[in-house]
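Below is one structure, written out as structure tokens; the observations come after it.
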Amino acid sequence: MSSAVSIRRDAAPESKRSPRHPPRLQPRYLPLAATISLFVLMAALGSVFYPGFFSLQVFLNLLIDNAFLCVVAVGMTFVILSGGIDLSVGAVIALSTMVSAALVEKHGWPPLAVIPLVLAMGTLFGAFMGFLIERFRLQPFIVTLAGMFLARGLCYVISIDSISIGHETYADIAQLRVPVWGDASITLSALIALAVVALAVFVAHYTAFGRTVYAIGGNEQSALLMGLPVRSTIVGVYTLSGFCSALGGVLFTFYMLSGYGLHAMGLELDAIAAVVIGGTLLTGGVGYVVGTLFGVMMLGIIQTLIAFDGTLSSWWTRIVVGALLFVFCLLQRLFGARAAGGPS
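When the letters of the sequence shown are read in order and numbered with our numbering, they come out as residues 2 to 345.
Pasting the structure below:
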């Protein structure tokens, strides 16, 4: 009798014990994981096939050559997370370079006065578009498209020709290198881009503003019912995008040492591509700033692989990026289906 009781006592926990499942990656992390894995794969293939590819300086150059794009893409990330879009970022960069060049070269303004003015101009431009979108419930696509035409047109009001910047401050900043390890070094623009990414990660995940952005992208009506400051946050994301675009314009000025109305043509599409490849859903509500950084690095490593190959046209960059966008759009669709189905 006692042995039967002991058997039942031993068997009881076994019947209540749930079967163990191996840990699985949550669906919302799939696009980010795919981006990081693909970046590592491309880096590994480049290191195998091209001598000299696997070096710290090569990887630092990915950020050095795309610092302005990284900053702009960070602002675009917040816009897309909220369910919007900003097509004006490339034009704002061009306008920032033109204003900087004209004030420094033609009017003799000091750079320390020009740079804050340009940043304020871009911030106000973004805030104005955000106000129109929120106040009159206009489509972000149309408002920012109008902003793109306006900013690009203002460039040609200033000058139809390129304006070179010969001021020593801009030249010194452009040539400044910060040693990293051995012979490898990094530019000030790249350090600024990394600082922007770090600050954006904090804002997105550890502030009320960031949580509201995610909530709006997930479901704006639910965010309103929760009492979140939806109206001010919508204005805020476009204000932030305008600031990042102007800051990207400042970095682009250091990179090109000139102002021109044709600067950054199509860069808004590169920024959107970097955000999507980085794992942010175009419908909003899901995404990571770190993913955007890897998206920018992905665009950079594609260009670098083509440059190391030497036999391919630069247009292959667009072809590969287009193919990647198709893949990541399908991956986002897969994510949406799995999220809707719930855990199995």
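Backbone N, C-alpha and C fix where the C-beta goes; we use that ideal spot for every residue, glycine too.
- In angstroms with no decimal places, state the Cα-to-Cα distance between Leu282 and Asn67. Computed Cα separation, rounded: 22 angstroms.
- Query: Rounded to whole angstroms, how far is the Cβ of Val276 from the Cβ of Met77, which I believe are closer than 8 angstroms?
  - Reply: Sure, about 5 angstroms apart at Cβ, within 8 angstroms.
- Message: Between which residues of its own chain and Val75 is the CB-CB distance below 7 angstroms, once the five residues before and five after are set aside?
- Response: Excluding positions up to five away in sequence, the list reads Val197, Val198, Ala201, Cys245, Val290, Thr293.
- Buried versus exposed, by CB contacts within 10 Å (16 or more), Asp271: Asp271 is buried by the Cβ-count criterion.
- Message: Once the 5 residues before and after Leu225 are set aside, which same chain residues still bring their CB inside 6 angstroms of it?
- Response: Val231, listed in sequence order.
- Query: How far does the beta strand (DSSP E) with Ser163 in it reach, from first residue to last?
  - Reply: According to the DSSP assignment, Ser163 belongs to no beta strand (DSSP E), since it is labelled neither H nor E.
- Task: In the DSSP assignment, find the alpha helix (DSSP H) that holds Val181 and state where it starts and stops.
- Result: Run containing Val181: none in the alpha helix (DSSP H); it sits in the beta strand (DSSP E), 178 to 182.
- Message: If contacts are defined as beta-carbon pairs under 8 angstroms, then Tyr157 and Gly262 qualify, I think. What distance do you get, rounded to the angstrom?
- Response: Contact flag correct, Cβ pair sits at about 5 angstroms.
- Item | Three-state secondary structure assigned by DSSP to Gly262 | In this structure, Gly262 counts as coil in the three-state DSSP scheme.
- Assuming Val238 and Phe69 form a contact by the criterion Cβ under 8 angstroms, report the distance between their Cβ atoms to the nearest whole angstrom. Incorrect: roughly 20 angstroms between the Cβ atoms, too far for contact.
- Secondary structure at Ile94, three-state DSSP: helix, strand or coil? Under the three-state reduction of DSSP output, Ile94 falls in the helix class.
- Message: Pop quiz: Phe253 and Thr98 are said to be a contact at Cβ under 8 angstroms. What is the actual Cβ separation, rounded to whole angstroms?
- Response: Distance from Phe253 to Thr98 at the Cβ level is roughly 6 angstroms; contact confirmed, criterion being Cβ atoms closer than 8 angstroms.
- Item | Distance between Ile273 and Ile235 (C-alpha atoms, nearest Å) | Those two C-alpha atoms are separated by around 18 angstroms.
- Task: Return the bridge partner residues of Ser186 from the DSSP annotation.
- Result: Looking at the DSSP assignment, Ser186 forms a beta bridge with Pro180.
- Sort Val214, Ile81, Asn62, Ile65 by Cα distance to Ile278 and report the nearest one. For Ile278, the nearest C-alpha among the options comes from Ile81.
- Query: For Val93, which residues from the same chain have a beta carbon less than 7 angstroms from its beta carbon, with the 5 sequence-adjacent residues on both sides left out?
  - Reply: Within the same chain, Gly123, Phe126, Ala152, Gly243, Ser246, Ala247, Gly250 come within 7 angstroms of Val93 by CB-CB distance, once the 5 residues on both sides are set aside.
- Message: In whole angstroms, give me the CA-to-CA distance for Leu268 and Phe142.
- Response: Approximately 16 angstroms between the Cα atoms of the pair.
- Query: Taking one C-beta from the stretch 200 to 220 and one from the stretch 41 to 49 each time, how about it: are there three or more such pairs within less than 8 angstroms?
  - Reply: Not touching, per the Cβ criterion.
- Message: How far does the alpha helix (DSSP H) with Leu269 in it extend, from its first residue to its last?
- Response: Per the sequence shown, residue 269 should be read as Glu rather than Leu. First-last of the alpha helix (DSSP H) with Glu269: 268 to 278.
- Item | Test item: CB-CB of Leu63 and Ile302 under 8 angstroms | Their beta carbons are under 8 angstroms apart, which means Leu63 touches Ile302 by this criterion.
- Task: Compare the C-alpha of Val72 against each of Leu300, Ser190, Phe132 and name the closest.
- Result: Closest option to Val72, Cα to Cα, is Ser190.
- Would you say Phe295 and Thr36 are within 8 angstroms of each other, going by their C-beta atoms? Going by C-beta atoms, Phe295 is nearer than 8 angstroms to Thr36.
- Grouping DSSP H, G and I as helix and E and B as strand, with all else coil, what is Pro52? Coil.
- Query: With distances taken from CA atoms, which of Val322, Leu332, Lys107, Leu61 is nearest Trp182?
  - Reply: Looking at the Cα atoms, Leu61 is the closest of the given residues.
- Query: What are the boundary residues of the alpha helix (DSSP H) that includes Leu294?
  - Reply: DSSP places Leu294 in the uninterrupted alpha helix (DSSP H) bounded by 290 to 310.
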